[in-house]
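Whatever position you read off the sequence shown (first residue = 1), add 474 for the numbering used here.
A virtual CB, placed ideally from N, CA and C, is assigned to each residue, including glycine.
Note that the coordinates shown come from a computational prediction; the quantities given were computed from them, not determined experimentally.
This report refers to the structure that appears directly beneath it.
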Amino acid sequence: MRTEARGRAAQVNSDDGLDGLETAASQSQLEKIGTLSFPVRVCKDKACPIKAGPIYENTHRIEEIIRRRSPALLLCAGWSVPARDLQSISALTEQVKTVVVLEAMQEKGTHVNYRIVGGKQISMGEQIFSKSKEASAENLCRLEAALSERSFTFLERKVLLFVCGEITIMGGRPPRVGFRPGVPENLRREVRAAGTMILNPTHTRMKRWEVETWREYLSSDGHTCVSASNWNLCAQGSPSPTLHTLWHDGQKQSHDFEHENDFLCYREWHLPQL
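As structure tokens, then:
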């Protein structure tokens with residue numbers, strides 16, 4: 475029976491959604507990528523009193539995914555946790571060798587992305603723009619300047635984080651897919667450098683059909699592109715197959731583990747070889 479989420483149902487038991495989640499053999503997780511997302515509310519009715527975002531806190535769910543599945547890398551969709559809970563997740567990564575990429579919601583209303591690994595919280599900055607019409611020359615230069623904090627090395631790969639609508643550095647439709655005009659040359663080079671892996675967490679699923687072709691392009695020539703999106707309860711009642719994707723070398727890959735219910739959607743992928 476489905477649970478109807480009313481408002482911000484913070485009173486929901488933090489273990490809900492974890493029943494039946496198998497514990498993985500740690501050795502098998504060395505080259506696994508986990509993608510994780512949750513139900514959120516984004517109501518188009520401006521009169522709606524419910525603020526966009528999570529309907530309940532998910533910190534414990536994230537921690538249990540790390541404990542039980544221990545993927546080498548865990549990519550969480552947007553609105554992941556309250557900033558006050560970063561220390562709890564950080565402490566866990568001192569015990570479990572998982573690199574966690576998530577977005578922390580600050581009390582001031584700002585959202586900051588973090589990489590958490592080995593007990594350290596490393597800021598990857600705020601989202602710079604959310605849609606193509608905001609991809610101005612100024613914002614594209616800001617994104618280029620942010621590359622140093624948006625990148626890290628993972629299993630001999632260079633990883634770049636593009637948050638939600640920042641993927642609109644891409645444009646066009648098949649057969650003419652590529653970088654939109656005005657993207658700085660250095661940003662193009664970094665994205666297309668050999669072996670690069672792009673992470674693209676979003677707050678909700680991006681509806682433009684071209685997004686899949688952009689991810690396909692970003693994964694071409696031996697690259698990898700991973701996305702994870704929450705599902706919007708105001709638009710859809712449950713997770714869908716398109717919430718998470720992993721593209722490699724221009725091909726959409728199939729996940730090899732899934733734990734999905736009304737409270738969370740977790741999928742696991744084998745990291746393709748370079």
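Query: Can the beta-carbon of THR584 be found closer than 8 Å to that of GLU600?; Result: yes
Query: Put HIS677 into one of helix, strand or coil per three-state DSSP.; Result: coil
Query: Between the stretch 524-532 and the stretch 502-514, do three or more beta carbon pairs fall short of 8 Å?; Result: yes
Query: Please tell me whether TYR740 and ILE507 are closer than 8 Å, where the distance is taken between their beta carbons.; Result: no
Query: Which whole-angstrom value describes the C-beta separation of GLY592 and GLU568, a residue pair presumed to lie in contact below a C-beta threshold of 8 Å?; Result: 6 Å
Query: Does the ligand GDP have even one heavy atom less than 7 Å from the beta-carbon of MET671?; Result: Among the ligands in the structure shown, none appear at all, so the ligand GDP cannot be discussed.
Query: Check the DSSP bridge columns for LYS506 and list the partner residues they point to.; Result: HIS744
Query: Any contact of the stretch 547-561 with the stretch 571-583, i.e. 3+ C-beta pairs under 8 Å?; Result: yes
Query: Quick one: give me the first and last residue of the alpha helix (DSSP H) that ASN613 is part of.; Result: 611-619
Query: Could you check whether the stretch 533-550 touches the stretch 484-496, counting it as contact only if at least three pairs of C-beta atoms, one from each stretch, sit closer than 8 Å?; Result: yes
Query: With a threshold of 8 Å on Cβ separation, who are the neighbours of LEU504 within its own chain once the five nearest residues in sequence on each side are excluded?; Result: ALA546
Query: Going by DSSP, which residues form a beta bridge with GLY599?; Result: ASN587
Query: Is the shortest distance between the beta-carbon of LYS605 and the beta-carbons of chain C less than 8 Å?; Result: Checking the listed chains, one finds no chain C in this structure; it contains a single protein chain.
Query: Output the distance between the C-alpha atoms of GLY481 and ASP519, rounded to the nearest integer angstrom.; Result: Low confidence applies here, because GLY481 scores a pLDDT of 39, under 50, leaving its location unreliable; read the following figure in that light. For GLY481 and ASP519, the distance between alpha carbons rounds to 14 Å.
Query: Report the option in HIS722, GLU612, LEU717 and GLU742 whose CA atom is closest to the CA atom of HIS729.; Result: GLU742
Query: Would you decide whether ASN660 is buried or exposed? Buried here means 16 or more other CB atoms lie within 10 Å of its CB.; Result: exposed
Query: Is the Cβ-Cβ distance between ARG650 and GLU684 less than 8 Å?; Result: no
Query: Can the beta-carbon of ARG679 be found less than 8 Å from the beta-carbon of TRP721?; Result: no
Query: To which residues of the same chain is LEU621 closer than 6 Å at the C-beta, ignoring the five residues directly before and after it?; Result: GLU664
Query: Report all residues from its chain with a CB closer than 6 Å to the CB of PRO746; omit the five preceding and five following residues, and keep chain order.; Result: HIS722
Query: Buried or exposed: where does ALA702 fall if 16 or more other Cβ atoms within 10 Å of its Cβ makes it buried?; Result: buried
Query: To the nearest angstrom, how far is the alpha carbon of GLU734 from that of GLY494?; Result: 10 Å
Query: Throw me the rounded Cβ distance for the THR676 and LYS632 pair, which I believe falls under 8 Å.; Result: That pair is no contact at about 21 Å.
Query: When you compare only the Cα positions, how much space is there between GLU618 and LEU549?; Result: 22 Å
Query: Kindly list the residues whose CB is nearer than 7 Å to the CB of VAL637, restricted to its own chain and excluding five residues on each side of it in sequence; keep chain order.; Result: ASN587, GLN601 and PRO675
Query: Identify whether LYS632 lies in helix, strand or coil by the three-state DSSP scheme.; Result: strand
Query: Nearest to SER500 by CA position, among VAL516, LEU748 and LYS571, is which residue?; Result: LYS571
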